[in-house]
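One structure is given here, and the rest of the page talks about it.
Residue numbers (the UniProt record's numbering): 1 to 199.
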């Protein structure tokens, strides 16, 4: 039952954001009493935390698989966006903004994951890309890794950009393309364009 509640909570949080979805909403959707939910989760904070924790675990598995199956660092970068496509298509753009504002403990965990795992992965990929001659050798790895992370974060901020014209996925796709074209060498650009053409 706990897994069912967690799955339904995740589905509703991602679709509508965390603020508007109540424990009553989740109970009604599952056809159970609110008391049943509280037997597994003491409060909404705990549920949001566990939903995010589960998301992080699944995300780590996807990245580990991507590291094994990618042909090269450019292929990995483009495939990473494809992996994110389903999540970004289904995710309410306000989700992370609301988690940051109303559920600080859950956001702190997510932020730690970004810093310890995603940031380190970005820096590693940039270094590999430089070594392979795909990325410009003069780029400052730490700075550009943080720039890329910042682009992803900004697209979720409703104060930065309204998604009335572009979807969250389309926004991320445009920002990634802009970022990549800024760091690619001629050799890297040629490979990048060939992957784009074949997609």
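Glycine included, each C-beta is placed from N, C-alpha and C at the ideal position. As the structure is a computational prediction, the values presented were derived from the model and not from experiment.
Reference residue i; option with closest CA among the options
i, options, result
"residue 60", "118, 130, 192", "118"
"residue 85", "172, 20, 43, 145", "172"
"residue 109", "192, 197, 7, 53", "53"
"residue 49", "13, 29, 69", "13"
"residue 189", "102, 75, 63, 146", "75"
"residue 62", "87, 46, 40, 41", "87"
"residue 156", "51, 58, 98, 6", "98"
"residue 55", "106, 21, 197", "106"
"residue 78", "177, 167, 182", "177"
"residue 145", "123, 166, 175", "123"
"residue 185", "154, 135, 169, 143", "135"
"residue 3", "22, 35, 40, 20", "40"
"residue 169", "27, 83, 43, 5", "83"
"residue 90", "183, 165, 17", "17"
"residue 147", "187, 70, 126, 27", "126"
"residue 1", "33, 22, 20, 19", "33"
"residue 92", "23, 10, 130", "10"
"residue 195", "70, 23, 43, 36", "70"
Bounding residues of the alpha helix (DSSP H) (the contiguous stretch that carries residue i)
i, result
"residue 188", "186 to 198"
"residue 50", "44 to 69"
"residue 127", "119 to 131"
"residue 90", "73 to 90"
Classification of residue i by the beta-carbon crowding that lies within 10 angstroms, buried from 16 upward
i, result
"residue 160", "exposed"
"residue 116", "exposed"
"residue 31", "exposed"
"residue 180", "buried"
"residue 8", "buried"
"residue 129", "buried"
"residue 191", "buried"
Per-residue DSSP class, three states only, for residue i
i, result
"residue 169", "helix"
"residue 103", "coil"
"residue 135", "strand"
"residue 32", "coil"
"residue 20", "coil"
"residue 111", "helix"
"residue 160", "coil"
"residue 13", "helix"
"residue 149", "helix"
"residue 1", "coil"
"residue 142", "helix"
"residue 94", "coil"
"residue 179", "helix"
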